[in-house]
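Colleague: Starting off with a structure, shown below.
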Amino acid sequence: MIDPTLLRENPDAVRRSQQSRGSAASLVDDAIAADSVKRAAMQHFERLRAEQNAFGRTVATAPREEKRALVLQAQALASQVKEAQQKSSDAEAEFARIAGSLGNVIIDGVPAGGEDDWSLIREVGTTPAFDFEPRDHADLGELLGAIDIARGVKVSGSRFYFLKGVGARLELALMNMALDKALAEGFIPLITPTLVRPEIMAGTGFLGEHADEIYYLPADDLYLTGTSEVALAGYHSDEILDLSGGPLRYAGWSTCYRREAGSAGRDNRGILRVHQFNKLEMFSYVLPDDAQAEHERLLAYQESMLAACELSYRVIDIAAGDLGSSAARKFDIEAWVPTQGAYRELTSSSNCTTYQARRLDIRYRTESGKTAPVATLNGTLATTRWLVAILETHQQADGSVVVPTALRGYLGGLELFEPIA
RNA sequence: GGAGAUGUCGCAUAGUUCGGCCUAGUGCACCACCCUGCUAAGGUGGAGAGGGGUUUACACUCCUCCGUGGGUUCAAAUCCCACCGUCUCCGCCA
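Under the numbering used here, the residues of the first sequence are numbered 3 to 423, in order.
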């Protein structure tokens, strides 16, 4: 939910944002109209209600013999009040529906356009060159006994897999390295629920256009989360936070579930795009004025992880039309995947400003003692998908894979993954 | 899954019997000031959340909120229905 005051006082800013996203700017005018209808209806209802309340007090204290006549009068008033209340709550719901469909107001500098209109922030590292034909991660995974796709499909269907042997160990090593990084930066570790209630899912903005991407358990009315961001954002819902000591930073580890309904035929090979994977996610609650600095900070942590994995990558500023509704800006880091000859997303970091917090009712106390929504940000610190880039980047001609130095300590000193017999 | 208990503005509670001076009282904690004078106490006042009106702002004023959503009624914390959470016991259980 965007700031209704901004909608009233600076509708042009919201219009520009909608245009950059390629969404309907006319929604802004609809929202403003609905807002004024809502307020008129509220005022009408509240005036009648005040009258009714006053009358009620008269009835309560009236002598018995006058009560009967007074009650008859009050009955007429009550039906008017009821009607006005209905109109008011309808108008309120209508405003919420329209205003809720407006995306977050993007931050200046975010490129306009869609999926391909991102702008490059920087490229880091040199893309690996091989004097042999590199194998893709699926082949390497099989060769090393690290990834068992066939049995994953047998047990659970397409886009499922087993991590096995050094593959399983590599994932745990990566997660542990990421956790240590997070701890060093002051994040509080959390292992989060992966099943959440509808209001939490809706509050984080995932039940909008992408609802078909989400697993749902109708028998229990619960959703399986595609990222621990959902639980991490819901963690402080309906709370007033004390941020006087600085931001609240959490590192949430969870398994993530995605239906991948809209990606049939894409990335069918290997574990690039799967229904289930693990992720360590950073999540920050900060004062609104600190949000942009925090975004840079999360990005820096991510880059240091990529560097520790000795990967070559680029940082991109995602275009407005490719942002989720909650994000005001999103930076992705994409690592070079040799056999694809392309950069592929390994991390994503969003600044949701106050949009998500407003919907989840997460506030802080301003200096004047009033409450105001906080800003929320999230970013990937490690996921299963990183194995793709790590295996492919560090492979050798014989199919072995050199373990990045920083990860060796998490693998009992193992320096090389070797093909199994 | 079964039985029972329970949910009140930070925490703890009063209020629910029998609907109406509940505009939800009190204690603790909190904030400001005063007094005292030394590691503690006393006094006065303030102070919940969301929204509307009016405001540069302060202030003022109105509406809503007693787990959630409905219902009955002129009037609901209080009565009725459904749901949710928590606790206790029983059952079941990777």
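A virtual CB, placed ideally from N, CA and C, is assigned to each residue, including glycine.
As the structure is a prediction and not an experimental result, all values here were calculated from the model.
Residues in the same chain with beta-carbon distance under 6 angstroms from W338, minus the five sequence neighbours each way, listed in chain order, please.
Modeller: T129, S314, Y345
Colleague: Please return the same chain residues whose Cβ sits closer than 6 angstroms to the Cβ of S286, not counting the five positions on each side in sequence.
Modeller: The beta carbon of S286 sits closer than 6 angstroms to those of P249, R251, E296, L379, all from its chain and outside the five residues before and after it, given in chain order.
Colleague: Would you kindly report the start and end of the unbroken alpha helix (DSSP H) that includes P200?
Modeller: Per DSSP, the continuous alpha helix (DSSP H) segment holding P200 begins and ends at 200 to 205.
Colleague: For D292, which residues from the same chain have a beta carbon less than 8 angstroms from its beta carbon, with the 5 sequence-adjacent residues on both sides left out?
Modeller: P249, A377
Colleague: Hey, R361 and I242: beta-carbon distance below 9 angstroms or not?
Modeller: no
Colleague: For D214, which residues from the same chain have a beta carbon less than 6 angstroms from its beta carbon, with the 5 sequence-adjacent residues on both sides left out?
Modeller: A263
Colleague: Based on Cα-Cα distance, which residue from L165, I108, L224, E305 lies nearest to A322?
Modeller: I108
Colleague: Given this structure, state the Cα-to-Cα distance separating D119 from H46, to the nearest angstrom.
Modeller: Taken atom to atom, the span from the alpha-carbon of D119 to that of H46 is near 48 angstroms.
Colleague: Among the residues of its own chain, which have a CB less than 7 angstroms from the CB of L416, if the five just before and after it don't count?
Modeller: V405, R410
Colleague: Using CA coordinates, which residue listed in K281, R316, N55 is at the minimum distance from T257?
Modeller: K281
Colleague: To the nearest angstrom, how far is the alpha carbon of I1 from that of L308?
Modeller: Residue 1 lies beyond the stretch modelled for the chain, which goes from 3 to 423, so this question has no answer here.
Colleague: Can you tell which of Y303, T395, G205, V155 has its C-alpha closest to the C-alpha of G343?
Modeller: T395
Colleague: In three-state terms, what does DSSP make of S350?
Modeller: strand
Colleague: I151 to I422, Cα distance in whole Å?
Modeller: 16 angstroms
Colleague: Please report the distance separating the alpha-carbon of A62 from that of A76.
Modeller: Cα to Cα, A62 sits roughly 12 angstroms from A76.
Colleague: Compute the Euclidean distance between the alpha carbons of L219 and D5, then round it to the nearest angstrom.
Modeller: Rounded to whole angstroms, the gap between the alpha carbons of L219 and D5 is 33 angstroms.
Colleague: Rounded to the nearest angstrom, how far is the Cβ of S261 from that of Y217, given a contact under 8 angstroms?
Modeller: The sequence given here has Arg at residue 261, not Ser. Right, the Cβ-Cβ distance comes to about 6 angstroms (below 8 angstroms), so this counts as a contact.
Colleague: Considering just the uninterrupted stretch of the beta strand (DSSP E) at R316, what are its terminal residues?
Modeller: 315 to 319
Colleague: Quick check on Y217: does DSSP put it in helix, strand or coil?
Modeller: In this structure, Y217 counts as coil in the three-state DSSP scheme.
Colleague: What's the gap between the Cα of K40 and the Cα of D14?
Modeller: 21 angstroms
Colleague: Three-state secondary structure (DSSP) at R399?
Modeller: Sequence check: residue 399 is Ala here, not Arg. In the structure shown, A399 adopts coil according to DSSP, grouped into three states.
Colleague: Return the chain-ordered list of same chain residues with a C-beta closer than 8 angstroms to the C-beta of M177, the five sequence neighbours on each side being excluded.
Modeller: W255, N280, L282, A384
Colleague: For V83 and E53, what's the separation of their Cα atoms in angstroms?
Modeller: 9 angstroms
Colleague: Are S25 and I318 closer than 9 angstroms when you measure CB to CB?
Modeller: no
Colleague: In the DSSP assignment, the alpha helix (DSSP H) including G143 goes from what residue to what residue?
Modeller: 139 to 145
Colleague: Rounding to the nearest angstrom, what Cα-Cα distance links S428 and E305 in this structure?
Modeller: In the structure as shown, the chain begins at 3 and stops at 423. Residue 428 is therefore absent and cannot be evaluated.
Colleague: Could you tell me the alpha carbon to alpha carbon distance between A86 and P290, rounded to whole angstroms?
Modeller: 37 angstroms
Colleague: Would you please state the rounded distance, in angstroms, between the beta carbons of E117 and D324? I believe it to be under 8 angstroms.
Modeller: 5 angstroms
Colleague: Alpha carbon to alpha carbon, what distance is there between L174 and A95?
Modeller: 46 angstroms
Colleague: The beta strand (DSSP E) with G254 in it runs from where to where?
Modeller: Per DSSP, G254 belongs to the beta strand (DSSP E) from 250 to 259.
Colleague: Quick check: what's the CA-CA separation for R268 versus R171?
Modeller: 27 angstroms
Colleague: Under 8 angstroms by Cβ, that's how I've got G480 and A140 pegged, so tell me the actual separation to the nearest angstrom.
Modeller: No answer is possible for residue 480: the residues shown for the chain start at 3 and end at 423.
Colleague: Helix, strand or coil for S246, going by three-state DSSP, please let me know.
Modeller: coil
Colleague: Among residues of its own chain, excluding the 5 on either side of T386, which ones have a beta-carbon nearer than 7 angstroms to its beta-carbon?
Modeller: Shown here for T386: same chain residues with a beta carbon closer than 7 angstroms to its own, the five before and five after excluded, namely E173, I273, F279, N280 in chain order.
Colleague: Measure the alpha-carbon distance for F134 versus T355 and round it to whole angstroms.
Modeller: 47 angstroms
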